[in-house]
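Data first, discussion second: the structure below is written as structure tokens.
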Amino acid sequence: MLEFEPQESLVARIAALPKIHLHCHLEGTLRESTFLELTERDGLPTRYRPGAAAEEEDRSPREPGQVYAFADFSEFLLLFAAVSRALSRPEDYARLAEEFAADALRRGVAYGELFISPSVWRFFHPELDLRACTEAIYEVFARIERSHGVAFRTIVDLTRNFGAAGALETARFAASATELGVIGIGLGGDEARFPPELFTDAFAFARSEGLHAVVHAGEAAGAQSVRAAVEQLRAERIGHGIRAVEDPAVVAMLREREIVLEVCPTSNLRTGVVSALEAHPLPELLAAGLRVTIDDDDPAIFGAHIDEEYLALARLAGEPALRACIANAIEASFAPLSLKRSLEERLRSTE
Ligand SMILES: [Zn+2]
Numbered sequence: 473m474l475e476f477e478p479q480e481s482l483v484a485r486i487a488a489l490p491k492i493h494l495h496c497h498l499e500g501t502l503r504e505s506t507f508l509e510l511t512e513r514d515g516l517p518t519r520y521r522p523g524a525a526a527e528e529e530d531r532s533p534r535e536p537g538q539v540y541a542f543a544d545f546s547e548f549l550l551l552f553a554a555v556s557r558a559l560s561r562p563e564d565y566a567r568l569a570e571e572f573a574a575d576a577l578r579r580g581v582a583y584g585e586l587f588i589s590p591s592v593w594r595f596f597h598p599e600l601d602l603r604a605c606t607e608a609i610y611e612v613f614a615r616i617e618r619s620h621g622v623a624f625r626t627i628v629d630l631t632r633n634f635g636a637a638g639a640l641e642t643a644r645f646a647a648s649a650t651e652l653g654v655i656g657i658g659l660g661g662d663e664a665r666f667p668p669e670l671f672t673d674a675f676a677f678a679r680s681e682g683l684h685a686v687v688h689a690g691e692a693a694g695a696q697s698v699r700a701a702v703e704q705l706r707a708e709r710i711g712h713g714i715r716a717v718e719d720p721a722v723v724a725m726l727r728e729r730e731i732v733l734e735v736c737p738t739s740n741l742r743t744g745v746v747s748a749l750e751a752h753p754l755p756e757l758l759a760a761g762l763r764v765t766i767d768d769d770d771p772a773i774f775g776a777h778i779d780e781e782y783l784a785l786a787r788l789a790g791e792p793a794l795r796a797c798i799a800n801a802i803e804a805s806f807a808p809l810s811l812k813r814s815l816e817e818r819l820r821s822t823e
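Quick look at the structure:
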């Protein structure tokens with residue numbers, strides 16, 4: 473019967489579902505129009521090329537619809553850096569949070585843990601007051617929580633590229649900002665060149681401070697990186713983790729420890745980690761009994777937002793699989809138990 477069902481009714485049911493962000497980078501939600509406006513204001517190119525002549529960067533695209541384009545994972549990381557560079561003042565971060573929240577509420581997001589990357593902010597703007605920027609985000613989120621009852625928290629990404637010492641320094645910043653909505657640390661950036669083993673000190677410190685710990689792994693590097701993230705950094709959740717399928721022993725370890733994988737299908741496609749959506753190992757991960765959640769990673773840059781990812785999954789794997797992923801996200805979130813129970817209730821009410 474399903475093939476005769478009008479497309480609109482599936483879209484309407486997806487729209488009604490509570491959406492949970494566990495893997496979304498706040499900077500990666502910056503609207504293209506805002507990115508263009510900020511770069512124009514500050515006379516910045518829309519591309520970042522380390523060591524490149526200014527003229528080369530000046531040829532960067534400014535046509536709406538062309539700005540968030542890249543060829544592969546390393547180009548994506550440079551584009552993410554250019555987006556972060558455009559955010560140069562605390563009020564820019566307030567605007568980023570404001571526009572993210574407006575878009576998220578419109579798409580039915582009910583709870584979110586958002587990555588922020590203060591070490592990248594500071595790389596481009598050494599004088600930037602990281603605390604003031606984090607506070608600007610926090611104030612917007614606190615207001616949204618009061619007015620709409622939707623909670624957004626932040627996870628400070630340590631960003632591998634700054635090495636072990638830089639990561640420890642950023643972890644210290646995270647620990648100092650818990651009253652500003654920071655609940656944990658993450659580890660994104662160049663996974664292939666900076667393996668988890670380098671960051672044991674930063675993660676041990678963060679744990680001792682009561683912060684949650686999540687790690688991007690099994691995206692640009694293989695299953696061994698996933699194992700190291702769990703065993704050496706004691707990651708509570710793995711960002712992506714899809715290359716765990718390369719080693720059945722790692723899949724078994726994830727299943728036994730009930731580690732959640734935050735899967736972002738369009739991101740994997742756009743960064744070239746998978747060659748086509750049909751080739752995505754998501755069905756394999758689900759069939760192996762792993763706990764999976766679905767998210768959008770850097771939705772503005774990748775051009776696919778959480779509701780669109782949910783819709784794609786419902787079409788690929790069916791609505792029960794999607795509902796299971798949402799239930800996993802609620803359970804694997806770092807939200808207080810009372811909030812988890814009310815999110816579960818909201819999910820049930822859409823059945
Ligand atoms: Zn990510």
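Everything in the sequence shown is counted per the numbering used here, starting at 473 for the first residue and increasing by one.
No residue lacks a Cβ here, since even glycine has one placed at the ideal position from N, Cα and C.
Ser680 to Leu640 span [Cα, whole Å]
13 Å
By alpha-carbon positions, which one of Trp593, Glu599, Ala643 and Arg567 ends up nearest to Phe613?
Arg567
Under the criterion of a Cβ to heavy atom distance below 8 Å, does Gly694 qualify as lining ligand 1?
no
In this structure, what does DSSP give as the bridge partners for His620?
Beta-bridge pairing links His620 to no other residue.
Counting pairs of beta carbons, one from the stretch 510 to 518 and one from the stretch 622 to 636, are three or more of them closer than 8 Å?
no
Whose CB is closer than 6 Å to a heavy atom of ligand 1? List the residues in chain order.
His495, His497, Gly660, His688, Gly711 and Asp769
If you draw a straight line from the alpha carbon of Arg625 to that of Ala760, how long is it in whole angstroms?
31 Å
From the DSSP output, which residues share a beta bridge with Val686?
Arg709
Could you spell out where the beta strand (DSSP E) holding Leu733 opens and where it closes?
Val732 to Val735
Taking Cβ positions, are Thr738 and Ala776 nearer each other than 9 Å?
yes
Coarse secondary structure for Phe666, derived from DSSP in three states:
coil
Who are the near neighbours of Leu785 in its chain, counting only those whose CB is closer than 6 Å to its CB and skipping five residues on each side?
Ile766 and Leu794
Is it buried or exposed, Val686, if we count other Cβ atoms within 10 angstroms and call 16 or more buried?
buried
Given 8 Å as the limit, tell me if Glu611 has its C-beta closer than that to any heavy atom belonging to ligand 2.
Ligand 2 is not part of this structure, which contains only ligand 1.
Boundaries (first-last residue) of the alpha helix (DSSP H) holding Leu811
Leu809 to Arg820
State the Cα-Cα distance for the pair Leu486 and Leu783, rounded to the nearest angstrom.
Per the sequence shown, the amino acid found at residue 486 is Ile instead of Leu. When rounded, the distance between both Cα atoms is 6 Å.
Would you mind working out which of Phe545, Glu708 and Leu652 sits nearest Glu730, comparing C-alpha positions?
Glu708
For Tyr583, the first and last residue of its enclosing alpha helix (DSSP H)
Taken as a continuous stretch (DSSP letters only), Tyr583 belongs to no alpha helix (DSSP H), being part of the beta strand (DSSP E) at Val581 to Ile588.
Go through its chain and collect everything with a Cβ distance to Ile655's Cβ below 6 Å, but skip five positions before and after it.
Arg625, His684 and Phe806
May I ask you to list the residues that DSSP assigns as paired with Gly537?
DSSP, once it has assigned bridges, lists no residue as partnering Gly537.
Range of the contiguous beta strand (DSSP E) that encloses Arg727
Arg727 -> not in any beta strand (DSSP E); alpha helix (DSSP H) instead, spanning Pro720 to Arg729.
To the nearest angstrom, how far is it from the Cα of Phe645 to the Cα of Leu600?
14 Å
Around the C-beta of Glu756, are 16 or more other C-beta atoms found within 10 angstroms, so that it is buried, or is it exposed?
exposed
Excluding the 5 residues preceding and the 5 following Ser481 in the sequence, name in chain order all residues of the same chain whose CB lies nearer than 7 Å to its CB.
none
How about Ala689 and Pro720: are their beta carbons less than 9 Å apart?
no
Give a yes or no on whether the C-beta atoms belonging to Phe542 and Ile773 are separated by under 9 Å.
yes
Sub-9 Å separation of Asp768 and Cys496 beta-carbons
yes
Does the stretch 552 to 559 come close enough to the stretch 505 to 514 that 3 or more CB-CB pairs lie under 8 Å?
yes
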